[in-house]
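Contents: one structure, followed by commentary.
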Amino acid sequence: MTSDRVEAPVRTVGAVADELYLKCIRCGKCLSVCPVYRETRIETLSPRGKVALYRAVGEDDLEISEVYAGKFYTCLMCDACREACPSGVELDLILNKARTDLAYSGLMPESLRRLDETIIAAGNISGEDNEQRLGWTANLESMPIGLDHGGQAEAAYFVGCVSALFPASYSIPQSLVRVFERAGVNYALIGGDEHCCGYPLFLNGEGERALAMAHHNVEAVRDTGAARVVMSCPSCYHMWKHIYPELLDNGELDGLEIVHETEMLAELAKEGRLCFKPWPVTVTYHDSCDLGRKSGIFEAPRHVLRAIPELTLVEMADHHENSLCCGGGGNLETYDRELAQALPRRRLQQAQDAGAKYIVVSCQQCKRTLFGGARRERIRIRTMDLAEVVSEQLEGEADA
Ligand code: SF4
Ligand code: SF4
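Numbering (numbering that gives the first Met the number 0), first residue to last: 0 to 399.
Okay, structure coming up:
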């Protein structure tokens, strides 16, 4: 398949980060890009501050306390600091190592510990019966063909917890399967056999618990017979593409192609299997952290948008690898909801400044976060997932 994927910096699970902080020259470049610091102006919550705290524990025996732990969980894990650092400090590794140490020390905050227990017990982040994962199919005009693929599916669709279990996000998988069916894609749904990808566990520093999820999900996808697995969630995609290969034994993912909906939609558009009607609006595209900066996919969604006649695509002040987190990353919303809810404001303002009437995203979490922010701030801008845009702008039958 065609891909404009940029080589993403691959994290090393469990890497020893103890010496990484030595590269920090305290220049402060990371402060200007950190959404948490820009909102709070608290040095110990900044990337530089976190590096200094991590170093103080390692070198000066600073006592690890709940206050110390809170600094590391007040973070979006968005990687903007790593991208900005001129000294090559691998802040993502430091932040992940710190959270792993804290989880082992029993210092993970209670709200996050409860999230992890829910995932382990239920197989999903909401705690609902996992068999409810197909609830979004209930009001489709007809049952999706993915439920009866006869072992011939070319792609298994891994829906992800948010889109599968939160009604406000149902329209994303509904749109994507509608597009697949119009384009003649034979896909498989996994339903109750799909479990959380494990990324929230990994972000909380519980890589070993995430491993159990990885084993289960790879087996569930293998059972469909498909050689390709597609995700609409960038976090699931990042987990499968970049973290699973490091967690799993060699060979467990062999022969399985992992793609994001944006890549698949770009491929279908390029092959002429999607025909669009004109849409004379100005839109901007929001690069989610997990898909863009952390996974290197920037151009596929833009190719799809440019294929829609009369659409004008504009860029916000911060885009591609410099994109600004919407506030939905790092499990911050579970730990500090008030802070997380303050963060979309700046992003929405950038979209307005760019003259956009729509923010197009490729992430159910970004859609929810930016939609909620626009409503709270009374900003008149619409947020749509790329799959919803494509579904609404399809014209006629796609070429087979
Ligand atoms: S940008 Fe890098 S070197 Fe500069 S303060 Fe931040 S972590 Fe340290
Ligand atoms: S990962 Fe994002 S939120 Fe966390 S310290 Fe770095 S820039 Fe700030």
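Glycine included, C-beta positions come from ideal geometry on N, C-alpha and C. Here the structure is a predicted model, which means the values were calculated and not measured.
Cβ-Cβ separation between G190 and A213: approximately 19 Å, too far for a contact (criterion under 8 Å). For the options G159, G145, C160, the alpha carbon positioned closest to that of E153 is the one of G145. Taken atom to atom, the span from the alpha-carbon of L246 to that of L210 is near 6 Å. By the CB criterion at 8 Å, M263 and V229 fall inside the cutoff. DSSP places L312 in the uninterrupted beta strand (DSSP E) bounded by 311-313. Residue pairing of H259 in beta bridges, as defined by DSSP: M230.
For T136, the three-state secondary structure derived from DSSP is helix. A residue is called buried once 16 or more other Cβ atoms fall within 10 Å of its Cβ, and C74 is buried on that count. Boundaries for A167: no alpha helix (DSSP H) harbours it, and the DSSP string shows neither H nor E there. A Cβ-Cβ contact shorter than 8 Å links Q364 with V161. Chain-ordered, the residues whose CB falls short of 5 Å from any heavy atom of ligand 2 come out as C33, V35, P46, C74, L75, C77, A79, C80.
Residue pairing by DSSP places M383 opposite V359 in a beta bridge. Around D59, the same chain offers no residue with a beta carbon nearer than 7 Å, after the five sequence neighbours per side are excluded. V32 places its beta carbon 8 Å or farther from that of A102.
Put simply, of A187, D248, P199, V158 the residue whose alpha carbon is nearest the alpha carbon of T223 is A187. In the structure shown, the three-state DSSP call for V88 is coil.
The beta carbon of E309 lies closer than 7 Å to those of P277, W278, P279 in the same chain, with the five residues before and after it left out. Set against 7 Å, the gap from the CB of A83 to the closest heavy atom of ligand 1 is smaller. Bounds of the alpha helix (DSSP H) holding L200 are 198-202. Bridge pairing for V282: L312, Y357 [DSSP]. Of E193, E82, L347, the smallest CA-CA separation from A316 is found for L347.
Annotated three-state conformation of L188 is strand, per DSSP.
Taking a cut-off of 8 Å for Cβ pairs, the stretch 156-173 and the stretch 230-242 touch, as three or more such pairs fall below it.
Assignment of F370 by DSSP, reduced to helix, strand and coil, places it in the helix class.
Around I358, the same chain offers T283, H285, A350, L369, I380, T382 as residues with beta carbons nearer than 7 Å, after the five sequence neighbours per side are excluded. The beta-bridge partner set that DSSP reports for F157 consists of M230. DSSP places C80 in the uninterrupted alpha helix (DSSP H) bounded by 79-83. In the three-state reduction of the DSSP assignment, L19 falls in the helix class. Taking the Cα positions, L114 is about 42 Å away from E394. The beta carbons of S294 and H237 sit about 5 Å from each other, so the pair counts as a contact at 8 Å. If you draw a straight line from the Cα of S86 to the Cα of V220, it is about 41 Å long. About 6 Å separates the beta carbon of K70 from that of L52, a gap short enough to meet the 8 Å contact definition. For S110, the enclosing alpha helix (DSSP H) covers residues 109-121. Measuring C-alpha to C-alpha distances from A306 to each of C325, T136, R272, V176 identifies R272 as the nearest. Sorting P46, T39, R40 by C-alpha distance to the C-alpha of R25 places P46 at the top.
Ligand 1 has no heavy atom closer than 7 Å to the beta-carbon of L111.
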